[in-house]
Amino acid sequence: MTTVAAHATLPKQYARLTEMLREADTLKSVGAMLGWDQETYMPAAAAPARAGQAALLARLHHERFTDPKVGELLAACESDPTLSAEGSETAANLREIRRDYDKATKVPGDLVAELARTGSEAQDVWKKARAKSDFAMFAPALEKMIGLTRRKAECLGVPEGGELYDALLDEYEPDARAAEIEAVFNPLRDRLSAFIADVKENGTPPKTDFMSRKISKAGQHAFGTAVLTALGFDFNAGRLDTTTHPFCSGMAAGDTRLTTRYEEDNFADALTSSMHECGHGLYEQGLPKSGPHAGMPLADSVSLGIHESQSRMWENFVGRSRPFWKWALPLANRHFDGALHDVDLDAMTAAMNTCTPSLIRVESDEPTYNLHVMIRFGIERAMIRGDLAIKDLPGAWNDSYKSLLGIDVPDDRRGCLQDVHWSFGLIGYFPTYSLGNLYAAQLWETINDQIPDLDTQTEKGEFGALLTWLRENIHRHGRRYTASQLCERATGKPLSADPLMRHLERRVKPAYGM
Ligand code: ZN
-6 MTTVAAHATL PKQYARLTEM LREADTLKSV GAMLGWDQET YMPAAAAPAR AGQAALLARL
54 HHERFTDPKV GELLAACESD PTLSAEGSET AANLREIRRD YDKATKVPGD LVAELARTGS
114 EAQDVWKKAR AKSDFAMFAP ALEKMIGLTR RKAECLGVPE GGELYDALLD EYEPDARAAE
174 IEAVFNPLRD RLSAFIADVK ENGTPPKTDF MSRKISKAGQ HAFGTAVLTA LGFDFNAGRL
234 DTTTHPFCSG MAAGDTRLTT RYEEDNFADA LTSSMHECGH GLYEQGLPKS GPHAGMPLAD
294 SVSLGIHESQ SRMWENFVGR SRPFWKWALP LANRHFDGAL HDVDLDAMTA AMNTCTPSLI
354 RVESDEPTYN LHVMIRFGIE RAMIRGDLAI KDLPGAWNDS YKSLLGIDVP DDRRGCLQDV
414 HWSFGLIGYF PTYSLGNLYA AQLWETINDQ IPDLDTQTEK GEFGALLTWL RENIHRHGRR
474 YTASQLCERA TGKPLSADPL MRHLERRVKP AYGM
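In the numbering used here, the protein residues as written are -6 to 507.
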């Protein structure tokens, strides 16, 4: 009798837990909606009011999510064998709720508030310091922010066998360890350096002058929208708007917002930005956000690395390929009033696959991009360890750019002040950019094995089979598996740098006549 009674009540507790988490998730999605508006259409004068709205929503979300009742219900569900059966969906949800709940309750509210306030101030100082290219002006704010971030990491706790930095990394790439990332990054760094040097010494740079031809923003928008529609982005459940810094916000079921930017003399920037954000958006649209897992971890993306693998796949593996341009070049000419009529397919493909070390990460090409990321990973890890004093940051930065990319950094604006991340405490975030590239490359090889005529489909502007593969192997799982499990399930192998190197060899060397 008691067993029956217990079973009759516990699923009810799961239903109650789900209900509470859905409410918390709804508060979060309202916050995301306000955030999107702030970056797109909000009038400047609304900034102070918006900050107040955002802070209130963040606090309400935190209160709901860390409600002791959530903890009680969670514990009750965890002790129910029917809910926690190994491999079940409910067990996966409970495991991930526990992860989030413990994290959210480990960091005291005062520290959360102080991080938010100091981060907002530090970001403001960073903007001014960057404009003046004056690192000394930013240093005290960064010092304070690093101190607070280290305190947060201490509250979260060092994972077993790990280091303090791992506690921060875990927020973005659950279960990843800095030492494991380093073990993949270091050999990749050496191979990339050798690759870039080889291209520089033995290759002939492709013609790229036609890439800066003047093309109207309206023409670029029409072309980008046509491409995104073909890729499978559901405009009935999403939008594409314009911002300074492109992003994607999968704010709710049926509501995924993409943003891009248009410059009249750089159509490729708009296209690659749109395809990148579309990759994030397709992942968001493929998560099971409505139905039984709504508001639960199984309806959420697994990690930033996997998220970035989706964006980089559509941006680079599809969007810089010859089969893609066989379809897209005539389409572009139709929308660009024939502005590229004299550019042939080989020239276009080559121009999309350049390799030139440069100063700015977000403007860098595919082969050099990961070196920018590795430099940041090394520096932020050293800052958290206490091995690098803040005042020595510009020197360490400039030395790394000289040794890895062979370039002199002329000023801090184009050096260590270029990224916003550290100003508001995003530490442990950078490595996920390169993990995304590595995951994308490895998935891409498996996809091409399993869809042998992928190139032929791409040449016709058909992307349905590719999207179905991603839906099946990545999107629909949400957080059911960890990122590395997901990769291994889909590709049969643990993460390796080999596929990315093979991809770069195939793409870049032909562009340089090698
Ligand atoms: Zn991205």
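For glycine and all other residues, C-beta sits at the position ideal for the given N, C-alpha and C.
Note on the segment 451 to 487: whole alpha helix (DSSP H) runs with a minimum of 4 residues are 457 to 466 and 476 to 484, in chain order. In the DSSP assignment, Ala85 falls within the alpha helix (DSSP H) that extends over Glu82 to Lys99. Within a 10 Å sphere around the beta-carbon of Tyr432 sit 16 or more other beta-carbons, which makes this residue buried. Within the model, the alpha-carbon separation for Gly154 versus Asn363 is close to 26 Å. Within the same chain, and ignoring the five residues on either side of Ala458 in sequence, the residues whose Cβ sits closer than 8 Å to its Cβ are Ile444, Leu447 and Gln450. By the Cβ-count criterion, Val311 is buried, with 16 or more other Cβ atoms from all chains shown falling within 10 Å of its own Cβ. A distance of 9 Å or more separates the beta carbons of Thr237 and Arg250. Straight across, the Cα-Cα distance linking His55 with Asn195 is about 56 Å. Note on geometry: alpha-carbon atoms of Met376 and Glu156 lie some 13 Å from one another. In this structure, Ile420 places its C-beta atom within 9 Å of the C-beta atom of Tyr158. Between the segment 489 to 501 and the segment 290 to 300, the count of C-beta pairs closer than 8 Å stays below three; the two stretches do not touch. Bounds of any alpha helix (DSSP H) do not take in Arg254, whose DSSP letter is neither H nor E.
Looking at the backbone, the Cα of Leu66 and that of Trp307 are separated by about 41 Å.
If you look at Asp385, you'll find it isn't in any alpha helix (DSSP H); DSSP assigns it neither H nor E. Fewer than three Cβ pairs drawn from the segment 363 to 374 and the segment 219 to 229 lie within less than 8 Å of each other, which leaves the two stretches out of contact. Counted as a single uninterrupted DSSP element, the alpha helix (DSSP H) harbouring Thr222 occupies residues Lys210 to Leu224. Relative to the ligand ZN, His300 has its C-beta within less than 8 Å of a heavy atom. In summary, Phe228 is exposed, with fewer than 16 beta-carbon neighbours lying within 10 Å of its beta-carbon over all protein chains present. Nearest to Ala25 by alpha-carbon distance, out of Met345, Glu164, Arg472 and Ala245, is Ala245. Taking non-hydrogen atoms of the ligand ZN into account, the C-beta of Gly429 is found less than 8 Å away from one of them.
Our two residues, Ile174 and His334, have alpha carbons roughly 45 Å apart in a direct line. Scanning the segment 104 to 155 for uninterrupted alpha helix (DSSP H) segments of 4 residues or longer gives 128 to 149, listed from N- to C-terminal end. Per DSSP, the beta bridge partners of Cys241 are Leu251. Leaving aside the five residues that flank Asn391 on each side, the residues in its chain whose CB is nearer than 7 Å to its CB run, in chain order, Val402 and Gly408.
Distances between the C-beta of Ser304 and the heavy atoms of the ligand ZN include at least one below 8 Å. When C-alpha distances from Phe317 are compared across Glu166, Glu452, Asp405 and Phe260, the shortest belongs to Glu452.
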